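S.K.: So the sequence lines, in the order shown, correspond to chains U and Z. For what it's worth, this note's numbering labels the leading residue of the first sequence as 1, then goes sequentially. For what it's worth, this note's numbering labels the leading residue of the second sequence as 1001, then goes sequentially. All C-beta atoms, glycine included, are put in the ideal place defined by N, C-alpha and C. Here the structure is a predicted model, which means the values were calculated and not measured.
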Amino acid sequence: MSTVSYREAMREALREALRRDERVFLMGEDVGRYGGCYAVSLGLLEEFGPERIRDTPLSESAFVGAGIGAALAGMRPIVEIMTVNFSLLALDQIVNNAATLLYMSGGQFNVPLVIRMTTGAGRQLAAQHSHSLEGWYTHIPGIRVLAPATVEDARGMLWPALCDPDPVLIFEHGTLYNTEGELADDSAVDITTAAIRRPGEDVTIIAYGGTLRTALGAAEQLAGEGVAAEVIDLRCLRPLDSATIVSSAARTHRAVVVDEGWRTGSLSAEVSARITEEVFYDLDAPVARVCSAEVPMPYAKHLEDEAVPQVADVVAAVQSLGG
Amino acid sequence: MTDATDAPVGDAVVATAPATDRDHGVHLLHQMLRIRRFEERCVELYSHSAIRGLLHLGIGEEACAVGVMEALGPDDAVVTTYREHGHALARGISMRATMAELEGKVEGCSRGRGGSMHLFDAATRFYGGNAIVGGGLPLAIGLALADRMQGRHRVTACFFGDGAVAEGEFHESMNLAALWRLPVLFCCENNFFAMGTALDRYESETDLSLKAASYRMSSWEVDGMDVLAVEEAARHASEAVRAGDPHFLELRTYRFRAHSMYDSDRYRDKGEIDHWKQHDPIPALVERLAASGALADGDLERIEAEVGAELEDAVAFAEAGTLEPVSDLERFVTSDPAPTEEGL
Chain U
1 MSTVSYREAM REALREALRR DERVFLMGED VGRYGGCYAV SLGLLEEFGP
51 ERIRDTPLSE SAFVGAGIGA ALAGMRPIVE IMTVNFSLLA LDQIVNNAAT
101 LLYMSGGQFN VPLVIRMTTG AGRQLAAQHS HSLEGWYTHI PGIRVLAPAT
151 VEDARGMLWP ALCDPDPVLI FEHGTLYNTE GELADDSAVD ITTAAIRRPG
201 EDVTIIAYGG TLRTALGAAE QLAGEGVAAE VIDLRCLRPL DSATIVSSAA
251 RTHRAVVVDE GWRTGSLSAE VSARITEEVF YDLDAPVARV CSAEVPMPYA
301 KHLEDEAVPQ VADVVAAVQS LGG
Chain Z
1001 MTDATDAPVG DAVVATAPAT DRDHGVHLLH QMLRIRRFEE RCVELYSHSA
1051 IRGLLHLGIG EEACAVGVME ALGPDDAVVT TYREHGHALA RGISMRATMA
1101 ELEGKVEGCS RGRGGSMHLF DAATRFYGGN AIVGGGLPLA IGLALADRMQ
1151 GRHRVTACFF GDGAVAEGEF HESMNLAALW RLPVLFCCEN NFFAMGTALD
1201 RYESETDLSL KAASYRMSSW EVDGMDVLAV EEAARHASEA VRAGDPHFLE
1251 LRTYRFRAHS MYDSDRYRDK GEIDHWKQHD PIPALVERLA ASGALADGDL
1301 ERIEAEVGAE LEDAVAFAEA GTLEPVSDLE RFVTSDPAPT EEGL
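(1) Taking Cβ-Cβ distances below 8 Å as the criterion, which residues of the stretch 92 to 109 of chain U are in contact with chain Z?
(2) Please report the distance separating the alpha-carbon of VAL971 (chain Z) from that of THR83 (chain U).
(3) Comparing the C-beta of ASP1076 (chain Z) with each C-beta of chain U, is any distance below 8 Å?
(4) Output the boundary residues of the alpha helix (DSSP H) element that contains PRO1283 (chain Z).
(5) How far does the beta strand (DSSP E) with THR1156 (chain Z) in it extend, from its first residue to its last?
(6) Considering only the alpha carbon of each residue, which of Z:SER1209, Z:GLU1319, Z:ASP1076, Z:ALA1309 lies closest to LEU971 (chain Z)?
(7) Please go through the stretch 234 to 285 of chain U and give each complete alpha helix (DSSP H) segment of 4 or more residues, from N-terminal end onward.
(8) Please name the residues in the stretch 1118 to 1133 of chain Z whose beta-carbon is closer than 8 Å to at least one beta-carbon of chain U, in chain order.
(9) Do GLY1067 (chain Z) and GLU1231 (chain Z) count as a contact pair if the criterion is CB distance below 8 Å?
(10) Starting from the Cα of ASP313 (chain U), find the closest Cα among U:SER292, U:LEU303, U:ALA121 and give me that residue.
(11) Please confirm whether ALA1294 (chain Z) and ALA1071 (chain Z) have their CB atoms less than 8 Å apart.
(12) Considering Cα atoms alone, identify which of Z:MET1195, Z:VAL1315, Z:THR1322 is closest to TRP1096 (chain Z).
(13) Where does PRO1138 (chain Z) sit, in a helix, a strand or coil, going by DSSP?
(14) Per DSSP, which residues does TRP1180 (chain Z) bridge with? Please list them.
(15) Does the beta-carbon of THR56 (chain U) have 16 or more other beta-carbons within 10 angstroms, so that it is buried, or is it exposed?
(16) Going by the beta-carbon positions, is the gap between THR244 (chain U) and THR193 (chain U) smaller than 8 Å?
(17) Just to confirm the assignment: which complete beta strand (DSSP E) runs, minimum length 3, are found wholly within the stretch 66 to 92 of chain U?
(18) Looking only at C-alpha atoms, which of Z:PHE1192, Z:LYS1211, Z:LEU1210 sits nearest to TYR1202 (chain Z)?
(19) Could you tell me whether the Cβ of GLU51 (chain U) comes closer than 8 Å to any Cβ of chain Z?
(20) Run through chain Z and tell me which residues come within less than 8 Å of GLY74 (chain U), C-beta to C-beta.
(21) Would you mind giving the Cβ-Cβ distance between THR1253 (chain Z) and GLY1104 (chain Z), rounded to the nearest angstrom? I have them listed as a contact below 8 Å.
(22) Quick check on ASN178 (chain U): does DSSP put it in helix, strand or coil?
(23) Please name the residue, chosen from Z:MET1261, Z:ASP1274, Z:SER1327, Z:ALA1088, that lies closest to SER1049 (chain Z) on a Cα-to-Cα basis.
(24) What whole-angstrom Cβ distance do ASN97 (chain U) and ILE115 (chain U) have, given they're in contact under 8 Å?
(25) Examine chain Z for any beta-carbon lying closer than 8 Å to the beta-carbon of GLY174 (chain U), and answer yes or no.
(26) ALA121 (chain U) to VAL295 (chain U), Cα distance in whole Å?
(27) Applying a beta-carbon distance threshold of less than 8 Å, which residues of chain U neighbour TYR1155 (chain Z)?
(28) If we define contact as Cβ-Cβ less than 8 Å, is PRO160 (chain U) a contact residue for chain Z?
(29) Please work out which residues of its chain come closer than 7 Å, Cβ to Cβ, to HIS131 (chain U), disregarding the five sequence neighbours upstream and downstream, and give them in chain order.
(30) Are the CB atoms of TYR1082 (chain Z) and ALA1140 (chain Z) nearer to each other than 8 Å?
(31) With DSSP collapsed to three states, give me the class of ILE196 (chain U).
(32) On a Cα-Cα basis, can you pick out the residue from U:ILE78, U:VAL4, U:ALA229, U:GLU16 that is closest to LEU169 (chain U)?
(33) On the criterion of 16 or more Cβ atoms from any shown chain inside 10 Å, does TYR1127 (chain Z) qualify as buried, or is it exposed?
(34) Within 8 Å (strictly less), CB to CB, does PRO1246 (chain Z) reach chain U?
(35) Would SER1264 (chain Z) be called buried (16 or more neighbouring beta carbons within 10 Å of its own) or exposed?
(36) Could you please tell me which residues of the stretch 1316 to 1339 of chain Z, in chain order, have their CB closer than 9 Å to any CB of chain U?
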């Protein structure tokens, strides 16, 4: 057991993958000499060389497409995109190629590609570096979407993602890189299930990525008020682990979904709908949602804080359910 | 031929056609006729509703597909566009599997999942059939990158039309190929129209070879109506590509028919079409072979009969084909699970 940062955990995951399989390489903007925009890949160029830690031009569509092509030809590429906002420049390759090639080719060409990118607000980076668009990607059949929220998942999700024969997107919330946690020596994790991060019987709070600690903070505060909240970390955003979500909601009879995405057309809407579809008659109150304000992310700190879900918002949402 | 990197920018040259032996000339003619007759039959089948959706024909452009494929070996790869029947047939996907695909049958080369625009075949390393203009170029970059990283001397031939040159993905891919010295043979089939918009109405610089040259890539203009010229250029270029020097071929060609079956072709002069028909690659080759004595009396009829028999067989195969069970609708969204120990 050791204490590591989320960044170090991710770097160690990359290092392990690069050592374990010659076919693995990392490609993206400033991943090499610069050391990664968020310093995740710092030191890897020196260890693995410029062929495998490959700096790219600012050509998101071409280098994501190149990752797809290299995956088709037997490599196991990890493509890093600086932020989810930049991934929109590669949307054609992700949605029209990575997600469709297996199906369109009648099962002949699978795409074993991993794409990592930063997501989320909280660093005063304004409206073109701070959005939480992972919910959009969960709309797309043919890709797996992961959101590691703990150092354990940052360390453990990459290898199973690389072993997946199909494309996997990994969303790393930008405020998590400096967070620290305990890491067991044997840190194998799966990439299919949601996790109950805190058990409780009065209400289910469902979160993922950057909102997990918000949910845990709310649960802690609620405990002081005599409310035992169960906190679920979605971990895998597509396909959703419905069973874990709905069985918890059926047990606690109340559910609050916390999502840094905008409310309209969001992942929180999908989670809410599944609970309502599957365990409506077990609920004592409507499913509540705590989402980001429907504004482009503002720069000023007080406005940004106001825009994204905070502990107090989650506590208030739980209290509004009564009981 | 000179490399664009050695010559002043834009000083690309037209490849000249080589002399050819009889059997090879007849083979090229046979290949072009297979494509021409196949596509003519597609029109008929479309009018009978056996083929639906978008159908883009390359009638007039056969020399590009046939000439380039002659330069490729079985381990090389092909990435192409939605106007790719010719590429598929010339690459070696059977006429049966191609026609069955167009008819949406499970015996098709993509199990009926792709249709005319998305022909795929692992056996011939045919990576589709991409219907997003420019979308195939980054894939070709990746296929070539994998070859380079694994020390394999293979060519990835990437076909696209002149319209793709206006896309960002074209420029991003040209830059990456030249920067990383990736073994890609870029084959730009310039038919002078992006759907219904003429080249000089959408490009500020209409000399397409200049665009590749600006990335310090060897760039040649080729008469895309002359199969021998295309083959010669593709052979020379692919030799250099195999050694890690990407090349760009601008194949100047023309489609005789409309963009797709939905297109009423109001944007071109009939005179322009007639002019290009004078350069139809098939009669041009027939004439040339006949003049050199390579084509004897009765040879053309014999080739036509062979092509006709193959086509009848392919149509019968497609029509007798079966529909994929609807219970398989969701199959291949993701890979089938690997067999477990219990399942073995």
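M.R.: The answer reads as follows:
(1) ASP92, GLN93, ASN96, ASN97, LEU101, LEU102, TYR103, MET104, SER105, GLY106, GLY107, GLN108, PHE109
(2) A question about residue 971 (chain Z) goes unanswered here, because the residues of chain Z that appear run from 1001 up to 1344.
(3) False, the Cβ-Cβ gap to chain U never drops below 8 Å.
(4) Bounds of the alpha helix (DSSP H) holding PRO1283 (chain Z) are 1281 to 1291.
(5) 1156 to 1161
(6) Any question about residue 971 (chain Z) goes unanswered here, given that chain Z covers just 1001 to 1344.
(7) 242 to 252, 267 to 279
(8) HIS1118, PHE1120, ASP1121, ALA1122, TYR1127, GLY1128, GLY1129, ASN1130, ILE1132
(9) yes
(10) U:SER292
(11) no
(12) Here the sequence assigns Arg to residue 1096 (chain Z), which means Trp is not the residue at that position. Measuring from the Cα of ARG1096 (chain Z), the nearest candidate turns out to be Z:VAL1315.
(13) helix
(14) Note: TRP1180 (chain Z) is not bridge-paired with any residue in the DSSP secondary-structure output.
(15) Buried is the call here.
(16) yes
(17) 76 to 83
(18) Here the closest residue by C-alpha is Z:PHE1192.
(19) yes
(20) ALA1146, GLN1150
(21) About 29 Å; that fails the 8 Å criterion.
(22) coil
(23) Ranked by how close their Cα comes to the Cα of SER1049 (chain Z), the residues Z:MET1261, Z:ASP1274, Z:SER1327, Z:ALA1088 have Z:MET1261 in first place.
(24) In this structure ASN97 (chain U) does not touch ILE115 (chain U) by the C-beta definition: roughly 12 Å separates them, more than the 8 Å allowed.
(25) At a cut-off of 8 Å between C-beta atoms, GLY174 (chain U) does not count as an interface residue with respect to chain Z.
(26) 12 Å
(27) Looking at the sequence provided, one finds Val at residue 1155 (chain Z) rather than Tyr. Those within 8 Å of VAL1155 (chain Z) in chain U number zero; the least Cβ separation is about 13 Å.
(28) No - not a single Cβ of chain Z is within 8 Å of the one on PRO160 (chain U).
(29) Excluding residues within five positions, the ones whose Cβ falls inside 7 Å are VAL84, ASN85, MET297.
(30) Not in contact: TYR1082 (chain Z) and ALA1140 (chain Z) (Cβ atoms no closer than 8 Å).
(31) Looking at ILE196 (chain U) - three-state DSSP - the assignment turns out to be strand.
(32) For the residues U:ILE78, U:VAL4, U:ALA229, U:GLU16, the minimum Cα distance to LEU169 (chain U) belongs to U:ILE78.
(33) By the neighbour-count rule (16 or more Cβ atoms within 10 Å), TYR1127 (chain Z) is buried.
(34) Using beta-carbon distances, PRO1246 (chain Z) does not count as an interface residue toward chain U, since no partner is under 8 Å.
(35) In summary, SER1264 (chain Z) is exposed, with fewer than 16 beta-carbon neighbours lying within 10 Å of its beta-carbon over all protein chains present.
(36) GLU1324, GLU1330, ARG1331, PHE1332, VAL1333, THR1334, SER1335, ASP1336, ALA1338
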